[in-house]
Amino acid sequence: MSYYRKSVRTKKWTIRMLMHFTDLALVKSWLLHRRDNQENGTSRKSILKFLEFRMVVAQVFLSKCGVLHEDAHVAEEENENKHLPPPGKKSRVTPIPHISVRSSAAHLPEMMALKNPMRCRAQGCTGKSCVRCMTCNVHLCLQSERNCFAAFHTGQ
493 MSYYRKSVRT KKWTIRMLMH FTDLALVKSW LLHRRDNQEN GTSRKSILKF
543 LEFRMVVAQV FLSKCGVLHE DAHVAEEENE NKHLPPPGKK SRVTPIPHIS
593 VRSSAAHLPE MMALKNPMRC RAQGCTGKSC VRCMTCNVHL CLQSERNCFA
643 AFHTGQ
């Protein structure tokens, strides 16, 4: 299962479990396929490799769902794009300023009224914060347990 990693990255346990059991079912199915072919005397070269088996299973599922082939899908997508509104604006990540800019004394924290707190930009911190440096325009933790704001501006 670990030879071909999934590109789905999520912290939701339900999705991770669903993907894990889907992979588990695929591996078990491939092992049965390989064993049956070996018992029938099929040559080793003509037995599908695991990646080929996954691709065949995916193609069968896509054909059952009525998904178009890639060439037809691209042509149809171009026709549909004429009628769609432009995509929404993506938020840009603010670049982290150089240490010489961060170490000056003109940095003040600002409490933001955010519905969803932003991720702390301090290196090694995975917390979320509603505090933003007004000069650097970077969200940083400012709590009694972890003071990423001070560590970020002193270069620690």
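First residue of the sequence shown: 493, per our numbering; consecutive thereafter.
Quick reminder that beta carbons are idealized off the backbone N, C-alpha and C, glycines included.
### Message
For I588 and V630, which I take to be in contact (beta-carbon distance under 8 Å), what is that distance rounded to the nearest angstrom?
### Response
Along the sequence shown, read from residue 1 onward, the residue named residue 588 stands at position 96. Along the sequence shown, read from residue 1 onward, the residue named residue 630 stands at position 138. With a Cβ gap of about 6 Å, I588 and V630 count as contacting.
### Query
So, using beta-carbon positions, are C612 and K620 closer together than 8 Å?
Locating residue 612 in the sequence shown gives position 120, where the first residue counts as 1. Locating residue 620 in the sequence shown gives position 128, where the first residue counts as 1. Contact: yes.
### Query
How about K520 and M511: do their beta carbons lie closer than 8 Å?
Counting from one through the sequence shown, the residue named residue 520 turns up at place 28. Counting from one through the sequence shown, the residue named residue 511 turns up at place 19. Judged by their CB atoms, K520 and M511 are not nearer to each other than the 8 Å cut-off.
### Task
Throw me the rounded Cβ distance for the T514 and R508 pair, which I believe falls under 8 Å.
The residue labelled residue 514 in the question sits at position 22 within the sequence shown. The residue labelled residue 508 in the question sits at position 16 within the sequence shown. In this structure, T514 and R508 do not form a Cβ contact; the two beta carbons are roughly 11 Å apart against a cut-off of 8 Å.
### Local Cβ density within 10 Å of C557, reported as buried at 16 or more and exposed below that
Your numbering for residue 557 matches position 65 in the sequence shown. C557 counts as exposed, since fewer than 16 other C-beta atoms from the protein chains shown sit within 10 angstroms of its C-beta.
### C625 (DSSP reduced to helix, strand or coil)
Reading the sequence shown from its first residue, position 133 is the one you call residue 625. DSSP places C625 in strand when its eight states are reduced to three.
### Task
Just the C-alpha distance for I539 and L524, rounded to the nearest angstrom, thanks.
Numbered from 1 along the sequence shown, position 47 holds the residue referred to as residue 539. Numbered from 1 along the sequence shown, position 32 holds the residue referred to as residue 524. Distance between the alpha carbons of I539 and L524: 12 Å.
### Alpha carbon of L632 to alpha carbon of K607, nearest angstrom
Numbered from 1 along the sequence shown, position 140 holds the residue referred to as residue 632. Numbered from 1 along the sequence shown, position 115 holds the residue referred to as residue 607. Their backbone Cα atoms lie some 16 Å apart in a straight line.
### Message
Could you compute how far the alpha carbon of H645 sits from the alpha carbon of T506?
### Response
For the purposes of this step, residue 645 is taken as the residue at position 153 of the sequence shown. For the purposes of this step, residue 506 is taken as the residue at position 14 of the sequence shown. Rounded to whole angstroms, the gap between the alpha carbons of H645 and T506 is 39 Å.
### Helix, strand or coil at E531 according to DSSP, with G and I counted as helix
Position 39 of the sequence shown, counting from 1, holds the residue named residue 531. In the structure shown, E531 sits in a helix (DSSP, three-state: H, G or I).
### Query
Secondary structure at E637, three-state DSSP: helix, strand or coil?
Counting from one through the sequence shown, the residue named residue 637 turns up at place 145. Coil at E637, not helix or strand.
### Message
Quick check: what's the CA-CA separation for F545 versus W522?
### Response
Here residue 545 refers to the residue found at position 53 when the sequence shown is read from its first residue. Here residue 522 refers to the residue found at position 30 when the sequence shown is read from its first residue. Within the model, the alpha-carbon separation for F545 versus W522 is close to 7 Å.
### Task
Return the chain-ordered list of same chain residues with a C-beta closer than 6 Å to the C-beta of A550, the five sequence neighbours on each side being excluded.
For the purposes of this step, residue 550 is identified with residue 58 of the sequence shown, where counting begins at 1. Cβ contact annotation for A550 (same chain, cutoff 6 Å, sequence separation greater than five): none.
### Task
List the endpoints of the continuous alpha helix (DSSP H) containing M547.
Counted from its first residue, the sequence shown places residue 547 at position 55. If you look at M547, you'll find it in the alpha helix (DSSP H) that goes 542-557.
### Query
In terms of alpha-carbon separation, which member of Q615, F641, G533 lies closest to E602?
On the sequence shown, position 110 is the one that residue 602 refers to. The residue with the shortest Cα to Cα distance from E602 is F641.
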